[in-house]
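Visitor: Take a look at this one; I'll ask things after.
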Amino acid sequence: MALDCVDEISAVRLKLPQKLDSNTKGVIEQMIKNVKQRFTDIPLLNPVDDMRIKEPAFVHAVEKVKELEQRRAEHPLRKNRDFEIIKKRYLAKEEKRRELKSLEEELRKAQSVLQLDELGHRKRLLRRLEYSDKSDIITEK
Numbered sequence: 210m211a212l213d214c215v216d217e218i219s220a221v222r223l224k225l226p227q228k229l230d231s232n233t234k235g236v237i238e239q240m241i242k243n244v245k246q247r248f249t250d251i252p253l254l255n256p257v258d259d260m261r262i263k264e265p266a267f268v269h270a271v272e273k274v275k276e277l278e279q280r281r282a283e284h285p286l287r288k289n290r291d292f293e294i295i296k297k298r299y300l301a302k303e304e305k306r307r308e309l310k311s312l313e314e315e316l317r318k319a320q321s322v323l324q325l326d327e328l329g330h331r332k333r334l335l336r337r338l339e340y341s342d343k344s345d346i347i348t349e350k
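Structure (structure tokens):
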């Protein structure tokens with residue numbers, strides 16, 4: 210499983226059977242149902258308490274993340290009933306902005322290629338008129 214597929218890690222641990230077949234799938238389903246009944250809100254793994262990470266910089270970072278998540282949850286825009294619509298519009302706008310940036314970059318590259326092509330034509334003309342030598346150095350006629 211790729212790491213980017215993991216959103217959160219629970220503090221609850223289940224001991225799974227070694228062999229996974231159709232019989233054990235039912236047992237696993239039952240175990241998950243039992244956990245959901247015991248915990249209304251499944252607790253997340255706390256790195257400071259559960260994993261005993263005591264490094265001050267890390268503890269400060271975890272506290273900062275909690276504070277920012279709380280501020281995000283309490284933001285007045287989130288309480289707006291049209292929040293999801295506004296969010297979708299904003300994400301679409303950002304996608305269009307990124308697309309515009311990439312197209313502008315592509316246009317700049319195309320213009321650069323055209324300028325180089327035109328420069329090559331000018332060099333060839335100067336060589337034919339004997340204003341430059343074979344190494345494209347301008348000379349007197």
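Here my numbering is used: the first residue of the sequence shown is 210, the next is one more, and so on. Backbone N, C-alpha and C fix where the C-beta goes; we use that ideal spot for every residue, glycine too.
1) How about the region 231-238 and the region 270-279: do they share at least three Cβ pairs that are nearer than 8 angstroms?
2) Let's see if you can read the secondary structure: which residues bound the alpha helix (DSSP H) around Leu328?
3) Alpha helix (DSSP H) containing Gln279: first to last residue?
4) Do Val215 and Ile251 have their CB atoms nearer than 8 angstroms?
5) At which residues does the alpha helix (DSSP H) containing Thr233 begin and terminate?
6) Write down the C-beta distance between Val244 and Leu223 rounded to the nearest angstrom, noting that I regard them as a contact closer than 8 angstroms.
7) I need the straight-line Cα distance from Ile218 to Leu253, nearest angstrom please.
8) Straight-line CA distance for Asp345 to Lys310?
9) Measuring CB to CB, does Lys332 end up less than 8 angstroms from Ser321?
10) Looking at the structure shown, is Leu253 part of a helix, part of a strand, or coil, going by DSSP?
Guide: A quick look at the data gives this:
1) Contact fails: fewer than three Cβ-Cβ distances are below 8 angstroms.
2) Phe292 to Arg337 is the extent of the alpha helix (DSSP H) around Leu328.
3) Note, Gln279: alpha helix (DSSP H), Pro265 to Glu283.
4) Taking 8 angstroms as the Cβ cut-off, Val215 and Ile251 do not qualify as a contacting pair.
5) Annotation: the continuous alpha helix (DSSP H) that includes Thr233 extends over Ser231 to Arg247.
6) Rounded to whole angstroms, the Cβ separation of Val244 and Leu223 is 7 angstroms, and the two are in contact under 8 angstroms.
7) Using only the alpha carbons, I get a separation of about 6 angstroms.
8) Roughly 36 angstroms between the two C-alpha positions.
9) Not closer than 8 angstroms, so no.
10) Of the three classes helix, strand and coil, the one that applies to Leu253 here is strand, per DSSP.
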